[in-house]
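To start, the structure itself, in structure tokens.
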Ligand SMILES: NC(=O)c1ccc[n+]([C@@H]2O[C@H](COP(=O)([O-])OP(=O)(O)OC[C@H]3O[C@@H](n4cnc5c(N)ncnc54)[C@H](OP(=O)(O)O)[C@@H]3O)[C@@H](O)[C@H]2O)c1
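Structural data, given as structure tokens:
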């Protein structure tokens, strides 16, 4: 059976690996820190240390394999230097398919409009520009090597131990609902299932938006998290006031408003979600 190579096995990757292991699919995973490698091996995974900032003397799996790439771009610069390093390490023995988990930030601000995969990209931050650079590097490499590729443009991930608790504890203000931007989310279990479907689908499209299809404001999400966890709700203030307290990255998030159209994801990868909106997802979370 083909091996799945998960590059960057953090929060999402662990969930994907668990699902694949349960289904007896061979998995090979990489993480940057030696202590994480030991933990993962302790859980029965074939794990390797790989730091794509330190070069990539990585030997790809021996037989046929597929890649799920979950490493974020570096924090600085206009390009993603990490992905090209991995691609060059895989050149001698390329995968059958490469699935790249990117970001819907590449669409920029759409003033609340629904955005499908055919929308033009308009990155408004260096982070989003690096994501776009990674997408383009992958497209070029896969066409040169004749490899199937799937790019996933992800919404915000939430799930057990991935909730904005520190944000609530800091009592930083949220934008009042009337002025709040639309944002998109997906529960980690549904996202992991979408990633596996993208790896295994016999004839996937090359690009998918991935979210639960029920956008809301971050303010509404924060309020629901506060109710679920018993933490004090964030004060809700006018946009101008919230912007004055925000870092540049937080301000950008407040100003970028879009709703992801996920019809293609629903058709091909995930017809049924376990958690169709954040209320369903939050109510199932026990481990905050
Ligand atoms: N969180 C969100 O809401 C969101 C939204 C859209 C897209 N995404 C993207 O989706 C992907 C998966 O998210 P996640 O929450 O699972 O991320 P995560 O928990 O931070 O995991 C990222 C993984 O990448 C590895 N990594 C980081 N820098 C690396 C480097 N220089 N070389 C090799 N590996 C490196 C990390 O290794 P260590 O564990 O050793 O640090 C970790 O295994 C990420 O690319 C993330 O940016 C996330």
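Numbering (my numbering), first residue to last: -19 to 268. Note that CB positions come from ideal geometry on N, CA and C, so glycine has one too.
Requested in this report: Compare the C-alpha of residue 39 against each of 23, 21, 48 and 72 and name the closest.
Outcome: Closest by alpha carbon: 72.
Query - heavy atom of ligand 1 below 6 Å from residue 40 C-beta - result: no
Query - Contact between the region 137 to 152 and the region 186 to 205 (3+ Cβ pairs under 8 Å) - result: yes
**Report entry** Nearest candidate by alpha-carbon position, reference residue 106, set 256, 242 and 232
**Finding:** 232
Requested in this report: Label residue 43 either buried or exposed according to how many other C-beta atoms from any shown protein chain fall within 10 Å of its C-beta, with 16 as the threshold for buried.
Outcome: Looking at its Cβ environment, which holds fewer than 16 other Cβ atoms inside 10 Å, residue 43 is exposed.
Query raised in the report: Between residue 255 and residue 80, what straight-line distance do the alpha-carbon atoms span, to the nearest angstrom?
Result: 23 Å
Query raised in the report: Whose beta carbon lies closer than 6 Å to any heavy atom of ligand 1, going through the chain in order?
Result: -12, -11, -10, -9, -8, -7, 11, 12, 13, 16, 30, 31, 32, 33, 50, 51, 52, 62, 81, 83, 134, 136 and 137
Requested in this report: Inspect the beta-carbon positions of residue 95 and residue 185 and report whether they are closer than 7 Å.
Outcome: no
Query raised in the report: Going by beta carbon distance, what residues of the same chain come within less than 7 Å of residue 181, once the five residues before and after it are set aside?
Result: 248 and 249
Query raised in the report: Applying the criterion that 16 or more other CB atoms from any shown protein chain within 10 Å of the CB defines a buried residue, is residue 35 buried or exposed?
Result: exposed
Query - residue 236 classed as buried or exposed, judged by whether at least 16 other C-beta atoms fall within 10 angstroms - result: Buried is the call here.
Query raised in the report: Roughly how many angstroms lie between the CA atoms of residue 92 and residue -19, to the nearest whole one?
Result: Between residue 92 and residue -19, the C-alpha separation is close to 44 Å.
Requested in this report: Mind reading off the beta-carbon distance from residue 163 to residue 196? Whole number of angstroms is fine, and I expect it under 8 Å.
Outcome: 7 Å
Requested in this report: Name the one or two DSSP bridge partners that residue 258 has.
Outcome: Paired residues: none, contrary to the question.
Query - Minimum length 4: unbroken alpha helix (DSSP H) runs contained in the region 196 to 241 - result: 198 to 209, 219 to 225 and 228 to 235
Report task. Can you tell me the Cβ-Cβ gap for residue 133 and residue 193, rounded? I've got them flagged as a contact below 8 Å. Result -> The pair is not a contact, with the Cβ atoms about 14 Å apart (cut-off 8 Å).
Report task. Per DSSP, which residues does residue 298 bridge with? Please list them. Result -> Lying before the first or after the last residue shown, residue 298 is absent from the chain, which here runs from -19 to 268.
Query raised in the report: Identify the residues that DSSP records as bridge partners of residue -15: which are they?
Result: 8 and 47
Query raised in the report: Nearest to residue 8 by CA position, among -15, 20 and 2, is which residue?
Result: -15
Query raised in the report: Out of curiosity, what's the CA-to-CA distance linking residue 187 and residue 138?
Result: 22 Å
Query raised in the report: For residue 127, which three-state DSSP category applies?
Result: Looking at residue 127 - three-state DSSP - the assignment turns out to be coil, as it is neither helix nor strand.
Query raised in the report: Using 8 Å as the Cβ pair cut-off and three pairs as the minimum, do the region 55 to 73 and the region -5 to 2 touch?
Result: no
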